[in-house]
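Here the protein sequences line up with chains A and B, keeping their order. Those letters in the first sequence? Residues 1 to 274, per this note's numbering, in order. Those letters in the second sequence? Residues 1001 to 1266, per this note's numbering, in order.
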Amino acid sequence: MTALPLVRQWEVMRAVSVVTYKEWAAYRTHSLVSVFVGPVYFVVQYFIWTAVYGGAGTLHGLELTQMIRYFGAATLIGYLTMDFADWNLSMLVRTGRYLTFALRPLHHRFFALSQKVGHRALGFLFEFLPCLLIFVLLFRVDMRPASAGWLLVTVALAFLMGFYVRYCLGLASFWLVDARGLQGVVAILSGLFSGTLIPLVFFPHWLQVLQFFLPFQYMLYVPAMVFTGSYSLGSTHLSIPQVVGCQAAAVVVMFLLSEVLYRAATRRFTDSGS
Amino acid sequence: MDAVAVRRYLAAYRVCLRIAVRQATTYRASFLLSSVITLVGNLAFPLVTVLIYGSGAGFPGWTADEVLLIQSVFTLSAGLSGLVLGGVVFVTMDRVREGTLEIVLLKPVRPLPFIVLTTLQPESAGVALGGAVLLGWAASRSVHAVSVTGVLSFVGLFLAGLCVMAGMSLVMAATSFRWVGNSRLPEIADSTRTFGRYPLAIFPRAVQSVVTFVVPVGMVGFFPASALLGRSVPGMWPAAATCVAFLGFGVWLYHHQIRHYQGVGG
Chain A
1 MTALPLVRQW EVMRAVSVVT YKEWAAYRTH SLVSVFVGPV YFVVQYFIWT AVYGGAGTLH
61 GLELTQMIRY FGAATLIGYL TMDFADWNLS MLVRTGRYLT FALRPLHHRF FALSQKVGHR
121 ALGFLFEFLP CLLIFVLLFR VDMRPASAGW LLVTVALAFL MGFYVRYCLG LASFWLVDAR
181 GLQGVVAILS GLFSGTLIPL VFFPHWLQVL QFFLPFQYML YVPAMVFTGS YSLGSTHLSI
241 PQVVGCQAAA VVVMFLLSEV LYRAATRRFT DSGS
Chain B
1001 MDAVAVRRYL AAYRVCLRIA VRQATTYRAS FLLSSVITLV GNLAFPLVTV LIYGSGAGFP
1061 GWTADEVLLI QSVFTLSAGL SGLVLGGVVF VTMDRVREGT LEIVLLKPVR PLPFIVLTTL
1121 QPESAGVALG GAVLLGWAAS RSVHAVSVTG VLSFVGLFLA GLCVMAGMSL VMAATSFRWV
1181 GNSRLPEIAD STRTFGRYPL AIFPRAVQSV VTFVVPVGMV GFFPASALLG RSVPGMWPAA
1241 ATCVAFLGFG VWLYHHQIRH YQGVGG
């Protein structure tokens, strides 16, 4: 399959993302569940950490205000990077509908990425913005990033990393009859090691070091720490440009892995024209 | 409901339980994997507690084992309620969205017990088992003097907590009659229940009152564990009565919302 010219790719991405946006906008009130759920989880975290810190100045190098900002940023970044490309691809393979994509002069991964752009544009309007306003105006949390420029870059990379990880998971459906078990395992690992529940610096040292070689921290922990303005893991302190550079390298590796898996998967695909 | 009807429902429950177990064991690997995944997912919060206390910090006035006791009671409660009522929300939601609820409504049985009986989730047994093991472990390390009163209080409050879990499932299922096809509804209940996983003293008084007497999720983990630890918490028993009322509200709301169901014949 030859690559589409850049202008054509942009047109395709815009068309697919706009259609996806309109499709999901029909269920926009579903996104509004986040306006309740996100602040509730944040409030719980706020009280947990306020109690845990007590009189302590810092825990693992993090001050209480930094911890609160971390959880605020983690919640909001999650709305921008959330992904279910694995579920979509699994469904297409299981039902045989992937055939219609195999026949198109378009890489399916690019199509799926365009869908995610449209879907998360909706998330930006109906999840990210309302929750940001609640955090800032109601909870009075300082949600100003340490560096807006680096934050944009790291969130964009987290967006891609989340997508490539999920897409690789979806590709497992070409080999497995039912990939839900694998997806469930990765969802748990991702929940633990992306830093959603607790900053990764609380894990044992060897687990922290291991995170440099797994994709999960690049999906949430890194952008949340870039938001707070400092990054540390496994006794390694990196400057913001350094850690974003690591994140970019990890995204490239994940992209290449997804391409290798995609080529192997499409060779396995069989369908009877359903 | 008279005694004959109760006997009929119990007999139906036994049959449905047998069917659910046989269905689950047909795909043993899938059943085991989903049980383990559900269990590990539920153990994430105790892990966070271990990590917090491992860093030398903690909740004032509570040891790590005592907080783990709260979270183990919560996990056990989540497992047991998931076993019986875990499928009610999604099955109601799916039937409302597809317009197939009349298939249930036309049967000569009450719709709610029928849906409960036919949507048992055996994979939640793993969560209940994991919660029971963690409860035994945490209790052996944190409960220093077991009294009959303490155990009886624990059982009574634990049952009240189960009423809350059931009530929340029914409220969410009832909501799906109005908020059609929103698969994220259970997230609302999950987020609200989070308050029950921690010592209530860490929350402000207003929040404590809400999670004790309005949406009494404090009863799911905190109150039963406190009883087992011999800690007396003011408002414990009035809150238990609120839990029963909350379940009653869930049942009433479900039946009330069924009236708003619209279908075109399945």
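Note that the Cβ used here is the ideal one computed from N, Cα and C, for glycine as well. All values reported here derive from a predicted model rather than from experimental measurement.
Would you be able to state if there are at least three C-beta pairs under 8 Å between the stretch 1239-1248 of chain B and the stretch 1152-1161 of chain B?
yes
Could you name the residues that DSSP lists as bridge partners for Ser232(A)?
His237(A)
For a minimum of 4 consecutive residues, which ranges assigned as the alpha helix (DSSP H) are wholly contained in the stretch 91-172 of chain A?
98-102, 108-123, 129-133, 148-171
Can you grab the Cα-Cα spacing for the pair Phe1114(B) / Val19(A), in whole Å?
Roughly 41 Å between the two C-alpha positions.
Mind pulling the chain A residues with CB within less than 8 Å of Thr1192(B)?
Val40
Would you tell me roughly how many angstroms separate the C-alpha atoms of Phe110(A) and Lys1107(B), rounded to the nearest one?
When rounded, the separation of the alpha-carbon atoms in Phe110(A) and Lys1107(B) is 49 Å.
DSSP three-state assignment for Leu1134(B), whether helix, strand or coil
helix
Going along the chain, which residues of the stretch 1050-1075 of chain B sit with their C-beta nearer than 7 Å to a C-beta in chain A?
Leu1051, Ile1052, Ser1055, Ala1057, Gly1058, Phe1059, Pro1060
CB-CB length for Thr1119(B) against Val1164(B), believed under 8 Å:
For a cut-off of 8 Å, the C-beta gap from Thr1119(B) to Val1164(B) is around 20 Å, too long to register as a contact.
Do Ile1070(B) and Tyr1198(B) have their beta-carbon atoms positioned less than 8 Å apart in this structure?
yes
Could you list which residues in chain B have their beta carbon closer than 7 Å to that of Ala51(A), in chain order?
Phe1059, Pro1060, Ile1202
Taking only beta-carbon atoms, is Val153(A) less than 8 Å away from chain B?
no
Near Ala1145(B), what residues of its chain come up, given a Cβ to Cβ distance below 8 Å and the 5 sequence neighbours on each side ignored?
Here Ala1145(B) has Gly1230 as same chain residues with Cβ atoms under 8 Å from its own Cβ, once five neighbours each way along the sequence are excluded.
Limits of the unbroken alpha helix (DSSP H) element including Pro215(A):
Note, Pro215(A): premise wrong, no alpha helix (DSSP H); not H, not E.
8 Å is my cut-off, CB to CB: does Phe279(A) come that close to chain B?
There is simply no residue 279(A) to check, as chain A begins at 1 and stops at 274 in what is shown.
Own chain partners of Val1036(B) with C-beta closer than 7 Å, once the 5 adjacent residues on each side are dropped
Gly1126
Mapping the DSSP letters down to three states, classify Glu63(A) as helix, strand or coil.
strand
I need the boundaries of the alpha helix (DSSP H) containing His30(A), first residue and last residue.
28-31
Report yes or no: is there a C-beta of chain D within less than 8 Å of the C-beta of Ala1044(B)?
Structure shown: chain D not included; protein chains present are A and B.
Taking the alpha-carbon positions, what's the Ala224(A) to Leu1185(B) distance?
27 Å
Relative to the alpha-carbon of Lys22(A), which residue among Gln208(A), Leu189(A), His119(A) has its alpha-carbon at the smallest distance?
His119(A)
Do Leu1068(B) and Leu1134(B) have their CB atoms nearer than 8 Å?
yes
Please report whether the beta-carbon of Arg1141(B) lies at a distance below 8 Å from any beta-carbon of chain A.
No, no contact with chain A.
Along the alpha helix (DSSP H) that carries Thr1038(B), what are the first and last residues, could you check?
1028-1042 is the span of the alpha helix (DSSP H), which, as asked, contains Thr1038(B).
4 or more residues per run - each alpha helix (DSSP H) lying fully within the stretch 1100-1130 of chain B
Here the runs fully enclosed are 1102-1105, 1111-1118.
Alpha carbon to alpha carbon, how far is Met1236(B) from Pro215(A)?
46 Å
By DSSP's criteria, Thr58(A) is part of a beta bridge. Which residues make up the other side?
Glu63(A)
8 Å is my cut-off, CB to CB: does Leu1033(B) come that close to chain A?
yes
Give me the chain A residues within the contact set of Phe1195(B), using Cβ-Cβ distance strictly less than 7 Å, ordered along the chain.
Val44
For Asn88(A), name the three-state secondary structure that DSSP assigns.
helix
Using a Cβ-Cβ cut-off of less than 7 Å, list which residues of the stretch 189-216 of chain A approach chain B; keep chain order.
Gly191, Leu192, Leu197, Ile198, Phe202, Phe203
C-beta atoms of Gly162(A) and Thr81(A) nearer than 8 Å
yes
Hey, how far is the Cα of Trp10(A) from the Cα of Leu169(A)?
Cα to Cα, Trp10(A) sits roughly 26 Å from Leu169(A).
Using the Cβ count rule (16 or more neighbours within 10 Å means buried), how would you classify Gly149(A)?
Residue environment analysis places Gly149(A) among the exposed positions, since fewer than 16 neighbouring C-beta atoms fall within 10 angstroms of its C-beta.
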